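A quick write-up on the structure given underneath.
In our numbering, the protein residues as written are 262 to 1032.
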């Protein structure tokens, strides 16, 4: 019945979309409404297709009086809401985000919240393949020999989901959300919510379900402003890409730091030490000084030659004092560099126009009866209109433009940052506070590819420079004039097409098109409508202000990256997800207050996830020794299950490591039987060891551009953040620790990626934390 209604909804959306697409013409308002209708029904089509799998997954049987209708005491829970339009919109299926569905996630035997029984429904395509019932009425449970779990809701379904083989793609947890997760998902939209949780606690899944919940409860606000999800790497985004569509949300923008500056994909890698310097907050001051360094004045004066092609050759002087006054006026305007150029130009051109007026526009005979050349102080014969014409002509002079560009160049963010990092001299001036050796690390060849750490610098530069939109405004004005001219021609043709014989018979009181429309109004109707979604428009607009931002693996972000994100969300409505024990970069977070204090002081909320759903207790027992070495006060997440598989640890001769590693990978791939094996190696060893494994194990993939659907994937620890596998092999744990300044954090991350089996292969003695 429910799938029948879904088919009917899909059919209605198809018909209404087709009808909207057939409509043409109309007023500007009608066209705008048509575009909105097309967008709405297109999104509905995508939504109905996305919820096809697992449309309904739960049922609540409520405690009710004896005379109550048993059907009214039953609620079905699913991915979207479905209502019976023929019977007063009776709810047939409750959206999991609706308040009435919340007892499905919170009700327990101790606090049943009016729920007698909770049923989990398992489906394959459109067939029910199993049900799991939890009887929350204690008396009924005793009669039926039911023993509800004290802390987990849907324990059987949860454990089945946790024990299922990985597919290379994250699945939603909408069927198995636990109480502590539900509290975070449904938390208030406003303010900054920090979700701190150890490995396997479901931080990412909770954050994504929170995005779906917020879009459901604040649809009007967030659908127009958009939700941005920031992840640590492209592999991670591919891993989570299917979650939100499966929750009926298709309009969320997923990005890594490398893609947060429109028009730039910063995929190049650089040493961590260089990235750490670029990520420091002091780089904002460095860039500000770099901008000031580009606002130059001549040492003495600049000669400007004009009218070179005429018989009279005029040479003007831009004196240092004039340039300094113009620079001071432009700076005091408070405008960004590129926008302040207009003020600078006006001051300089005014001074040059007065100089030109004194040169050619004074009365040489006013004080000298014998006549003679113009002299300073002679009275001007020119009026203000003449001076205005001088200023207009001076603006078009190539020599004047060259002088203005030398003094106050229009800069793009790419040019400013590229020139700064590509010049030791510019770095010495702008970054004088940095030690010489750090400036040397920042210096690079001009034209080098951008790195993720460059993106916050480009964004900071864009903020300091402002957008030079003069060309865009000029183009828009030319386009408007062309449309007006076209419209005027159309009206003229319409008027001229009337019959001459009938013209005299036309009643002068009858309205014609020319009486109702002028050229400007008709031309305005021809402007193109932006059909992009909010997410598409946000992706292309650096100044877009998002309604909410979710940051996963937030402990990895640098101070400069946080400046970028805070600019993208002036309302400070954010969900920050991470674990400071897993910080793997030099400039990453060690305290959430240190990260957020500069932007929201102490006005942020901390929530913690304490239950480890992914990592079995056997693996956490091994990883807890590493966590204790990182921070003895850090609590170990409590695992909800045992796998029955003890981690294996082996030491081998360094000369035989690759052979032993490939043999272990092949063995684990057979044992996992259709699941996924993750092999985590030191980043410096990834090309060689990954290549050897790919050659020995058919179908193995290597690196962050790899296909996560592969049975075996070889990654560095940084590339594996946020991912999970049925089996994980950690190769050379001491090498992992040695190559990173936060090596133990990287080792902790590596050990906790598995949902079932873990192996550690070491060329030499194991790190003390594993012994």
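A virtual CB, placed ideally from N, CA and C, is assigned to each residue, including glycine.
These figures come from a predicted structure and were not determined experimentally.
- Query: Is the Cβ of residue 650 closer than 8 Å to any Cβ of chain B?
  - Reply: Structure shown: chain B not included; a single protein chain is present.
- Item | Check whether residue 437 and residue 461 have beta carbons under 8 Å apart | Not a contact, by the Cβ cut-off of 8 Å.
- Message: Could you compute how far the alpha carbon of residue 607 sits from the alpha carbon of residue 681?
- Response: Using only the alpha carbons, I get a separation of about 28 Å.
- Message: Just list the residues that DSSP pairs residue 723 with in beta bridges.
- Response: In the DSSP output, where bridge partners are listed per residue, residue 723 has none listed.
- Message: Could you check whether residue 876 and residue 1025 sit closer than 8 Å to each other, using their CB atoms as the reference points?
- Response: No.
- Task: Figure out for me which residue from 366, 317 and 364 has the closest Cα to the Cα of residue 343.
- Result: The residue with the shortest Cα to Cα distance from residue 343 is 317.
- Specify, as a first and last residue, the run of the beta strand (DSSP E) that residue 987 falls within. First-last of the beta strand (DSSP E) with residue 987: 986 to 992.
- Are the region 928 to 937 and the region 985 to 992 touching, with three or more C-beta to C-beta distances below 8 Å? Between the region 928 to 937 and the region 985 to 992 there are three or more C-beta pairs closer than 8 Å, enough to call the two in contact.
- Message: For residue 516 and residue 969, which I take to be in contact (beta-carbon distance under 8 Å), what is that distance rounded to the nearest angstrom?
- Response: Taking a contact as a CB-CB distance under 8 Å, the pair residue 516 and residue 969 does not count as one, their CB atoms being some 18 Å apart.
- Message: If the criterion is Cβ atoms closer than 8 Å, does the pair residue 945 and residue 869 meet it?
- Response: Going by C-beta atoms, residue 945 is not nearer than 8 Å to residue 869.
- Message: Report the CB separation of residue 477 from residue 446 in whole angstroms; it is logged as a contact under 8 Å.
- Response: Between residue 446 and residue 477 the Cβ distance is about 11 Å, and since that is not below 8 Å, they are no contact.
- Just the Cα atoms here: how many angstroms apart are residue 1003 and residue 845? Approximately 5 Å, taken between the alpha carbons.
- Task: Identify which residue in 353, 956, 350 and 425 has its Cα closest to the Cα of residue 935.
- Result: Closest option to residue 935, Cα to Cα, is 425.
- Item | Close beta carbons around residue 503, own chain, < 6 Å, minus the five adjacent residues each side | Closer than 6 Å at the Cβ level, and outside the excluded window around residue 503, lie 430.
- When the Cα atoms are used, what is the spatial distance from residue 713 to residue 590? Spanning the alpha carbons of residue 713 and residue 590 requires a straight line of approximately 36 Å.
- Item | Beta-carbon proximity check, residue 358 vs residue 337, cutoff 8 Å | No. Outside cutoff.
- Evaluate the contact criterion for the region 661 to 676 versus the region 591 to 607: three or more CB pairs, one atom per stretch, below 8 Å. In short, these stretches touch, since the Cβ pair count reaches three.
- Item | Simplified DSSP assignment, three categories, for residue 344 | It is a strand residue.
- Task: Give every residue of the same chain whose Cβ lies closer than 6 Å to the Cβ of residue 1030, excluding the five residues on either side of it in the sequence, and list them in chain order.
- Result: Excluding sequence positions up to five before and after residue 1030, its CB lies within less than 6 Å of the CB of 886, 887 and 890, all in the same chain and listed in chain order.
- Host alpha helix (DSSP H) of residue 450 (start-end): First-last for residue 450: undefined, no H or E at that position.
- Query: Which residue from 884, 1018 and 577 puts its Cα closest to that of residue 1007?
  - Reply: Comparing Cα positions, the closest option is 884.
- Item | Chain-order list of residues whose beta-carbon lies under 6 Å from that of residue 279 (same chain, five-residue window excluded) | Within the same chain, residue 279 has no close Cβ partners at all.
- Task: Count the other CB atoms, across all protein chains shown, that sit within 10 Å of the CB of residue 750; report buried if there are 16 or more and exposed otherwise.
- Result: Under this definition residue 750 is an exposed residue.
- Message: Please return the same chain residues whose Cβ sits closer than 6 Å to the Cβ of residue 345, not counting the five positions on each side in sequence.
- Response: Around residue 345, the same chain offers 351 and 353 as residues with beta carbons nearer than 6 Å, after the five sequence neighbours per side are excluded.
- Item | Extent of the continuous beta strand (DSSP E) to which residue 350 belongs | Per DSSP, residue 350 lies in no beta strand (DSSP E) and is assigned neither H nor E.
- residue 321, enclosing beta strand (DSSP E) - first and last residue: Here the beta strand (DSSP E) through residue 321 covers 317 to 323.
- Message: How far does the beta strand (DSSP E) with residue 382 in it extend, from its first residue to its last?
- Response: In the DSSP assignment, residue 382 falls within the unbroken beta strand (DSSP E) covering 376 to 385.
- Would you check if the region 845 to 862 and the region 536 to 547 touch, i.e. whether three or more CB-CB distances between them fall below 8 Å? Segment contact: the region 536 to 547 against the region 845 to 862, three or more CB-CB distances shorter than 8 Å; contact assigned.
- Item | First through last residue of the beta strand (DSSP E) which encompasses residue 808 | Secondary structure note for residue 808: it is in no beta strand (DSSP E), with a DSSP letter that is neither H nor E.
- Who are the near neighbours of residue 387 in its chain, counting only those whose CB is closer than 6 Å to its CB and skipping five residues on each side? Excluding residues within five positions, the ones whose Cβ falls inside 6 Å are 264.
- Query: Which whole-angstrom value is the C-beta distance of residue 315 and residue 384, which I expect to be below 8 Å?
  - Reply: By a beta-carbon distance limit of 8 Å, residue 315 contacts residue 384. Their separation comes to about 6 Å.
- Task: Could you tell me which residues DSSP puts in a beta bridge with residue 873?
- Result: Beta-bridge partners assigned by DSSP to residue 873: 900.
- Query: alpha helix (DSSP H) containing residue 820: first to last residue?
  - Reply: DSSP places residue 820 in the uninterrupted alpha helix (DSSP H) bounded by 820 to 829.
- Message: Judging by CA-CA distance, which residue of 810, 907, 467 and 615 is the nearest neighbour of residue 825?
- Response: Closest option to residue 825, Cα to Cα, is 810.
- Rounded to a whole number of angstroms, what is the C-alpha to C-alpha distance between residue 692 and residue 550? One C-alpha to the other measures close to 8 Å.
- For the alpha helix (DSSP H) holding residue 666, just list the boundary residues, first then last. Element bounds for residue 666: 659 to 668.
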